[in-house]
Amino acid sequence: MYQTFLQIHAGSWAILIILFIMSYMLKKQEFTLWAQRAFYVLMLTSGVGMVVIKGFPVISMIKGIFALILIMSMEILISRRRKGETHSLWWGVFSITLIVILLIGFHVI
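Taking the numbering used here, the leading residue of the sequence shown gets 3, the next gets one more, and so forth.
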């Protein structure tokens with residue numbers, strides 16, 4: 003069961019980043035944004051499933067907090083782009099949290 007959650011989780015992250023880039027670049031359309039939000043749910047659900055199976059390890063809980071911050075930064079970046087507002091600070095938040103999540107996910111940290 004853990005391997006199933008892991009494959010869903012990893013695939014969801016990859017698709018989520020692609021959908022985020024598409025949503026950011028194509029600011030007038032809505033489909034990729036809604037698909038991105040559906041993958042948020044899939045990614046979070048599979049992540050919670052893995053945490054439960056592993057017995058709530060602290061590093062996984064920290065990764066979950068960073069994942070929520072990453073989702074928040076994605077939503078803020080897209081909304082500010084659509085409004086035409088500056089958002090360079092949020093690119094920094096996005097980049098740092100994505101790097102930390104990848105390092106935790108690949109067991110570097």
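For glycine and all other residues, C-beta sits at the position ideal for the given N, C-alpha and C. Small disclaimer: the values here were computed from a predicted structure and weren't measured.
Next item on the list: Please go through the same chain and pick out, in chain order, the residues whose beta-carbon is closer than 7 Å to the beta-carbon of H11, but skip the five residues on each side of it.
Entry: Once the five neighbours on either side are set aside, the close Cβ partners of H11 are M45, S48, G49 and M52.
Item checked: the stretch 72 to 91 contacting the stretch 22 to 36, beta-carbon criterion three pairs below 8 Å -> With the cut-off at 8 Å, the stretch 72 to 91 and the stretch 22 to 36 touch.
Checklist line | Among I61, F7, M76 and H109, nearest to S25 - alpha-carbon criterion | finding: For the options I61, F7, M76 and H109, the alpha carbon positioned closest to that of S25 is the one of M76.
Check: Exposed or buried, what is S90 when buried is set at 16 or more other beta-carbons lying within 10 Å of its beta-carbon?
Finding: Counting the other CB atoms within 10 Å of its CB gives S90 a total below 16, which places it among the exposed residues.
Next item on the list: Using 10 angstroms around the beta-carbon of K65, count the other beta-carbons present and answer buried if the total reaches 16, otherwise exposed.
Entry: Its Cβ being crowded by 16 or more others within 10 Å, K65 is buried.
Check: Does the separation of the CB atoms of L72 and T34 fall below 7 Å?
Finding: No, the Cβ-Cβ distance between L72 and T34 is not below 7 Å.
Notebook entry, point to check: So, are the CB atoms of Q38 and F22 less than 7 Å apart?
Noted result: Yes, the Cβ-Cβ distance between Q38 and F22 is below 7 Å.
Note to self: Quick check: I78 and W92, are their CB atoms within less than 7 Å of each other?
What the structure shows: Yes.
Margin query: Suppose you measure from the CA of L14 to the CA of L8; what does that come to, to the nearest Å?
Written below: Just to set this straight, residue 14 is Ser in the shown sequence, not Leu. Taking the straight line from one Cα to the other gives about 10 Å.
Next item on the list: Determine the closest residue to V95 out of F58, M3, L70 and A40, with distance taken between C-alpha atoms.
Entry: Considering only alpha carbons, the answer is L70.
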